[in-house]
């Protein structure tokens, strides 16, 4: 979890995740129990423990938006801790223009096609590569360093995704992914533009096989990017999927 996200979800008094967060008139937030304990013995007016501004005790406002954010942060932290997957790239599926590192953790797109066997598993039209790992149950998360420029797509695909000729980069084609080209977008059908405040340089992909759901998260600030909702991904073996544009590269984070 990013430290900034943890700080936003943490009470400044108890230094734990907020419980029943409330906002004061000055805008600062605390657990209801923590601020009540701070003000114990004071009848009406009291001061904010952070800025010392005088506030009225009766003007505590429940902060439901913050409470929801805390729950999301807890879930993401739990998923990242329990479902971390060590993903490597499968050279037998890599398009001939894709160059994989020796440890199979990095891929870049070259200018020419390599002389590689045209085996059935290999993509021959779109510059795609699959992860070696296939998942059929449980939760699995991995992070991809995408950098600040270039074109790419990351997500998951069915084991049976089409490898030869043109492919449909959409759920109908067995692919669930987000992409950066001229804009940032989810590869739905039609595509869903994603007007993000910043373009992420590292993306966490979280696959929940049991729920049929894929979530994409900005690993830099833990901001949700897009979710293919429960039931979107059918049963069967699902593998990490990557597409790389000319001049671009992707790196799987250990």
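In the working numbering, the protein residues as written are 44 to 297.
Glycine included, C-beta positions come from ideal geometry on N, C-alpha and C.
- Look at residue 114 here: in three-state DSSP terms it is helix.
- Boundaries of the beta strand (DSSP E) harbouring residue 294: 292-295, taken from the DSSP string.
- Taking a contact as a CB-CB distance under 8 Å, the pair residue 257 and residue 275 counts as one, their CB atoms being some 7 Å apart.
- Per the C-alpha coordinates, the member of 61, 190, 266, 182 positioned closest to residue 290 is 190.
- For the pair residue 235 and residue 195, the Cα-to-Cα distance works out to about 16 Å.
- Residue 210 and residue 163 have their C-alpha atoms some 15 Å from each other.
- The beta-bridge partner set that DSSP reports for residue 72 consists of 66.
- In the three-state scheme derived from DSSP, where H, G and I count as helix and E and B as strand, residue 90 is classed as strand.
- Proximity of the region 178-185 to the region 237-256 meets the contact definition, three or more beta-carbon pairs being nearer than 8 Å.
- For residue 249, the enclosing beta strand (DSSP E) starts and ends at 245-251.
- For the pair residue 75 and residue 92, the CB atoms are not nearer than the 9 Å cut-off.
- Contiguous beta strand (DSSP E) elements confined to the region 140-167 occur at 141-143, 149-152, taking only those with 3 or more residues.
- Counting only the Cα atoms, residue 254 lies some 22 Å from residue 212.
- For residue 210, DSSP records no beta bridge to any residue.
- Put simply, the backbone Cα of residue 273 is about 9 Å away from that of residue 252.
- According to DSSP, residue pairing for residue 173 in a beta bridge involves 284.
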